[in-house]
Structure formats: C-alpha cells, structure tokens
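Protein chains in written order, with numbering that gives the first Met the number 0: chain A, 0 to 210; chain B, 0 to 210.
Built from N, CA and C at the ideal position, the CB exists for glycine as well.
Written below as structure tokens is the structure these notes are about.
There are 2 protein chains.
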Amino acid sequence: MDKKKDISMAVIKRLPKYHRYLGDLLKNEVDRISSKELSKKIGFTASQIRQDFNCFGDFGQQGYGYNVKELYNQISGILGLTREYKTIIVGAGNIGQAIANYTKFDRLGFSLQAIFDINPKLVGLKIRDIEINDIDGLEDYLKKNSTDVGVICVPSKAAQNVADIFVRNGIKSIWNFAPIDLKVPEEVHTENVHLSESLLTLSYLMSQDEN
Amino acid sequence: MDKKKDISMAVIKRLPKYHRYLGDLLKNEVDRISSKELSKKIGFTASQIRQDFNCFGDFGQQGYGYNVKELYNQISGILGLTREYKTIIVGAGNIGQAIANYTKFDRLGFSLQAIFDINPKLVGLKIRDIEINDIDGLEDYLKKNSTDVGVICVPSKAAQNVADIFVRNGIKSIWNFAPIDLKVPEEVHTENVHLSESLLTLSYLMSQDEN
Numbered sequence: 000m001d002k003k004k005d006i007s008m009a010v011i012k013r014l015p016k017y018h019r020y021l022g023d024l025l026k027n028e029v030d031r032i033s034s035k036e037l038s039k040k041i042g043f044t045a046s047q048i049r050q051d052f053n054c055f056g057d058f059g060q061q062g063y064g065y066n067v068k069e070l071y072n073q074i075s076g077i078l079g080l081t082r083e084y085k086t087i088i089v090g091a092g093n094i095g096q097a098i099a100n101y102t103k104f105d106r107l108g109f110s111l112q113a114i115f116d117i118n119p120k121l122v123g124l125k126i127r128d129i130e131i132n133d134i135d136g137l138e139d140y141l142k143k144n145s146t147d148v149g150v151i152c153v154p155s156k157a158a159q160n161v162a163d164i165f166v167r168n169g170i171k172s173i174w175n176f177a178p179i180d181l182k183v184p185e186e187v188h189t190e191n192v193h194l195s196e197s198l199l200t201l202s203y204l205m206s207q208d209e210n
Numbered sequence: 000m001d002k003k004k005d006i007s008m009a010v011i012k013r014l015p016k017y018h019r020y021l022g023d024l025l026k027n028e029v030d031r032i033s034s035k036e037l038s039k040k041i042g043f044t045a046s047q048i049r050q051d052f053n054c055f056g057d058f059g060q061q062g063y064g065y066n067v068k069e070l071y072n073q074i075s076g077i078l079g080l081t082r083e084y085k086t087i088i089v090g091a092g093n094i095g096q097a098i099a100n101y102t103k104f105d106r107l108g109f110s111l112q113a114i115f116d117i118n119p120k121l122v123g124l125k126i127r128d129i130e131i132n133d134i135d136g137l138e139d140y141l142k143k144n145s146t147d148v149g150v151i152c153v154p155s156k157a158a159q160n161v162a163d164i165f166v167r168n169g170i171k172s173i174w175n176f177a178p179i180d181l182k183v184p185e186e187v188h189t190e191n192v193h194l195s196e197s198l199l200t201l202s203y204l205m206s207q208d209e210n
C-alpha cells in the first residue's frame, strides 16, 4: 500500500463522497457501475473518477465497470472505517449536544466515550447514557483512558487550552468546531468545521447578486 | 466595484478568516497592522495577504500597514454583512436546534424568522421565542414571507424535497447540513456542511498513521 503515501489531499477529500454514493448504491442493490454512470450521479467527470480510483489500486475491469461492494469495502478500508476510534467531546453546549446525539458518527466507528463541560448546570446530565463530566476531570480522564479523537465544541477563548490538554495527553486527532485556528504539533490532525465561515460565503454570494 | 466580479472562490473563502482575525484585532484595540504581522497570526504569507486585499481595492499604504478598522469594515461590506438576511430553518432535530440556538448567526445578520419540522412532538415548541411550525405550512409561509436563506437540517431523504420547495418559492441561498448534494438551479447558492465527510477525513489520516 505504498502508493497511498503520495495521494493528494484533493483526492482524499473526495473519498467520503465516493463512500456515501457507493453506500447508497449498495442499499439499492446495484452490483456494478461504470465510471460514466457514477459520474452522472456524483458530478465528477468519468476520467476524474477513474484517475482517483487508480490512486488506490485496481478496482475496476475495463468494460465491466466497478464491483460496487468491493469498491465500497476498499474505500471503507482506505478511509480507516474498519476500526473503532475512541472519541470524547469537550463542550456540551448547542453544537456539542448535537454531535453527541448524532448516532451516525458511532456507526462510522467514532465511539463516544465521554463528554466534558465547564457549566455546573450541565455536569451530571446524560446524553445517550453518557454523563457530562466536569472539565476539571478532563486531564485525569485522558491519562487513564486512551483516546483517539477529541471534539472541541467550547467557545473560541477556551479552545486552545482544550487542544493543549488533548495534545499533551496523546490525542492524535482533533475535530474542531470553535472558530479559531488551533496551534498543534504537525503530527496532530485537525479538521475544522467553521460554521460562521461557511455562512459568510453565502452572504458574500448574496451581496454579489445585488450588484 | 467591477473588480469584484473576477474574484476567485479561493480568495472569497479566505475573507471570513480575515474578517475574524481583524475583528479580534479591533477588540484588542489594535489600530494598524502590516501584512507581515497579519501573516504571523493568520498563517497565510504576507504576499498572499497583500494580493488578496488588492483584489478588492486599496486598503493599505506602503510602509504604514493597514488601518484595521477600515479594513474590517470594508471586508464586512464585501462579505455582505451590512444587511439583514431573513433566514428559516427546516428540521429541528439535533443540528437544527443547535443552529437555531446559535445567536452568533443573528449577530452576523442572519435573522431567524421561522422553524419547521415534521415531528408532531416538536411542533409548537419554541426555540429562542420562535415556535416550531408544522412542515406542511412551509410552502404557504414562503409564499407570504420573503425569505433570503433556507437552512436544511432534515435527513437526506427529505432534503431534496425541501430544497425544491425553497427554490420554487424564491429562496436564493441554501445552507445545507443534509449529507446529500442538492440539485438546484445555477443561480441558487448552496453551502454544504457535510459533517460526516469532515470526520472521514480524520479517520483516513489516522489510518495512515498506522501504516
């Protein structure tokens, strides 16, 4: 699997979309699909699709199209969806609660282990049978429990501090909903979901319509 | 402002970030900043920053740096943050409730007018004094109330239908949280927030660490 190392971020970013469309095809009991048919559904060109799949190995057979199940399983493997990622959420406000309640993430393998918040009104409450703990116990928890993914749903002022606690206790992946750019060592993966930035793209496009 | 028309999406996507950093500087009462200093904070190169700002007009003076307040206001204007966008949310589940509760969006000018859901248990409840309406009333509401932005927080199966109702009632901007790619006319702006895709990028990067 040495080939993997050279795959560009652009290709990686398209994989979840392939995964989603192939999952839908599987549900609809479609066995085989050509790059051309897939292109119509997904909106990438057929040649783009063939090129992307080639990065990862030999998924298709000329003239026969792709075996949907095989392709789906291989992409699941590439996406790392064949194992469990122990996940914790820090910040149980609006977004934190929504994420904690979203069982789809569990189905993808992100298994929610613990939730932390600073607000005494929230501490002790449960979301999906998981009690919200006081944030003072975060560092201690991480020392005792190996954790793969930390989700940051605290206000921006508190986010870097939470990220620092994550990093010094060995968390290697951060899913960040706070509207700041975290400073973390290079080997720590960070995925940002900056909702305001997404919304401001919309307001920009709307303001352009008026000109 | 003819220049605006040719600005690439890449530049536009960076504007919200400039807006956020300049807003922080303003709060900290910083009057002027050079592209070099801004570069250290924001992580783009100084020449990138100068190039971006040049797209929109003359914001700085060689050797004196940028006037933070002026720059902030001009970027706010470019981002269309100087007016109100009447916004509705369809789908009051986890994500819909989180978005509805997030007052920051109001402060940016996205003024929440109405919320709709199909679930009789939710209909009639209030979020921030706004009652959740039955989704059966959506089309009628849109015919009577001019609406700028529709937020889709329903499951994927229902999302295209909601988008169709939006489009045929004149909504020009859709903020979509459903994990599907909506089919809408070219003149309708769509911003997707695909949370699972963001999470799968993390799992991919983690699985790579193991190789």
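Determine the extent of the beta strand (DSSP E) in which Y84(A) is found, giving its start and end residues.
Y84 to V89 is the extent of the beta strand (DSSP E) around Y84(A).
Using a C-beta cutoff of 8 Å, does T44(A) count as contacting chain B?
No, T44(A) does not count as interfacial toward chain B.
Just checking: is the beta-carbon of L101(B) within a distance shorter than 8 Å of some beta-carbon in chain A?
The sequence shown places Tyr at residue 101(B), rather than the Leu named in the question. So yes, Y101(B) belongs to the interface.
Which of helix, strand or coil does DSSP assign to R31(B)?
Looking at R31(B) - three-state DSSP - the assignment turns out to be strand.
Report buried or exposed for E190(B), applying the criterion of at least 16 other Cβ atoms within 10 angstroms of its Cβ.
E190(B) comes out buried.
With a Cβ-Cβ cutoff of 8 Å, do I126(A) and Q96(A) count as a contact?
Taking 8 Å as the Cβ cut-off, I126(A) and Q96(A) qualify as a contacting pair.
Looking at C-beta atoms only, is the number of pairs between the segment 129 to 149 of chain B and the segment 7 to 17 of chain B that lie closer than 8 Å three or more?
No contact exists between the segment 129 to 149 of chain B and the segment 7 to 17 of chain B.
Counting contacts by CB-CB distance shorter than 8 Å, is R127(A) in contact with chain B?
Answer no: the Cβ-Cβ gap between R127(A) and chain B never drops below 8 Å.
Using a Cβ-Cβ cut-off of 8 Å (strictly less than) and excluding sequence neighbours within five positions of P184(B), which residues of its own chain qualify?
Excluding positions up to five away in sequence, the list reads V166.
Mind checking if K68(B) is an interface residue toward chain A, Cβ cutoff 8 Å exclusive?
No - not a single Cβ of chain A is within 8 Å of the one on K68(B).
Does the beta-carbon distance from H193(B) to I173(B) come in below 8 Å?
Not closer than 8 Å, so no.
For a cutoff of 8 Å on Cβ pairs, would you count E196(B) as touching chain A?
For E196(B), the answer is yes, since a Cβ of chain A falls inside 8 Å of its Cβ.
Flag this pair as yes or no: are the beta carbons of D116(A) and A91(A) separated by less than 8 Å?
Yes.
Please state if the CB of L70(A) and the CB of E21(A) are separated by a distance shorter than 8 Å.
Checking the displayed sequence, the identity of residue 21(A) turns out to be Leu instead of Glu. Going by C-beta atoms, L21(A) is nearer than 8 Å to L70(A).
Just the C-alpha distance for I88(A) and F104(A), rounded to the nearest angstrom, thanks.
The alpha-carbon atoms of I88(A) and F104(A) are separated by roughly 12 Å.
Which residue marks the beginning of the alpha helix (DSSP H) containing Y140(B), and which one marks its end?
First-last of the alpha helix (DSSP H) with Y140(B): L137 to K143.
Keeping to the same chain, check which residues put their C-beta closer than 7 Å to that of F109(B); ignore five residues upstream and five downstream.
Taken in chain order, the residues that qualify are Y84, T86 and V148.
Let me confirm a value: V29(A) is counted as buried when at least 16 other C-beta atoms fall within 10 Å, else exposed. Which label applies?
The residue in question, V29(A), is exposed, as its Cβ has fewer than 16 Cβ neighbours within 10 Å.
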